[in-house]
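Residue numbers (full-length UniProt numbering): 1 to 336. All C-beta atoms in this analysis are idealised placements derived from N, C-alpha and C, irrespective of residue type, glycine included.
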């Protein structure tokens with residue numbers, strides 16, 4: 001092309017080239033041209049593929065992904081469903097997860113749910129998205145609802161609300177929590193406060209039960225249970241409440257973001273980030289806890305292994321039984 005709308009021989013080029021124009025220029029059928037320009041597994045000879053690619057380049061042809069989706073039944077889109085975007089535990093996963101999904105040849109769209117009412121509104125108004133798969137972090141949606149919302153049978157549930165038809169990946173939190181509480185007991189902890197997240201979360205409910213059982217097993221008395229929502233702000237508010245009363249020997253938070261809020265409010269109890277009279281434990285093992293500002297003892301799973309498990313489900317390499325579980329471990333730092 002010379003940029004004037006003609007090819008090298010001076011013949012006019014179509015303004016909006018189609019797959020038929022590409023096929024005609026390459027001297028192949030429309031079906032062959034379509035296969036050569038797509039990721040379909042049906043074979044096309046190397047010679048024909050090269051001719052089609054050259055014709056597409058000369059014509060300035062760009063595939064219509066929507067039109068292709070109507071014939072291949074694939075749109076190469078994966079929905080990631082979240083409550084909102086300020087949960088640091090999710091943000092820590094998003095970058096490696098998005099990179100891994102894109103490496104499979106698909107792109108990601110985020111859908112912010114925010115509340116169970118929002119899910120119901122989507123369904124009532126017919127708002128839906130055609131995607132190849134959905135990855136569900138949000139604790140407001142169950143598997144059947146998500147399948148309806150996205151018109152997809154491949155719904156990967158990460159929130160504990162899976163059913164027999166949906167694959168699921170969840171952390172096994174028993175070992176990590178047991179290790180953290182045992183560590184506290186070994187430091188002489190006899191009383192504790194628990195700062196919890198959203199009660200709507202199935203995983204959070206199970207997490208709280210595990211904390212209660214581990215504390216009881218070590219004879220640690222729970223003196224306060226404060227409701228948060230996993231956010232830094234809710235942790236800071238809990239820290240304010242704890243500052244108004246005699247401090248327990250340890251404070252356990254069910255997210256690192258809340259533990260950061262507690263730490264900032266009670267910095268006087270942690271000179272240089274180090275525990276003195278009170279110990280602080282978080283959950284998620286965020287990357288931020290490796291920095292000097294927030295040296296929080298925490299519980300977490302291997303994020304690379306988690307992402308690998310998600311991708312294995314999306315690509316069909318993992319076939320169950322569900323749920324797939326990943327072990328958590330305790331990571332001691334200065335606040336513990």
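Item, Value
"Three-state secondary structure (DSSP) of residue 172", "strand"
"DSSP bridge partner residues for residue 225 (one or two, in chain order)", "194"
"For residue 298, the first and last residue of its enclosing beta strand (DSSP E)", "298 to 301"
"Identified DSSP bridge partners for residue 133", "78"
"Three-state secondary structure assigned by DSSP to residue 281", "strand"
"Pairwise C-alpha distance: residue 256 and residue 92", "11 Å"
"Per-residue burial, residue 43 [other beta carbons within 10 Å of its own, 16 or more giving buried]", "exposed"
"Reference residue 216, options 189, 199, 234, closest by Cα", "189"
"Distance between residue 316 and residue 224 (C-alpha atoms, nearest Å)", "45 Å"
"Simplified DSSP assignment, three categories, for residue 109", "strand"
"Proximal residues to residue 55 (C-beta, below 7 Å), its chain only, five neighbours per side dropped", "22, 25, 26"
"Proximity of residue 262 and residue 235 at Cβ, strictly below 8 Å", "yes"
"Residue 325 versus residue 100: straight-line alpha-carbon distance, rounded", "19 Å"
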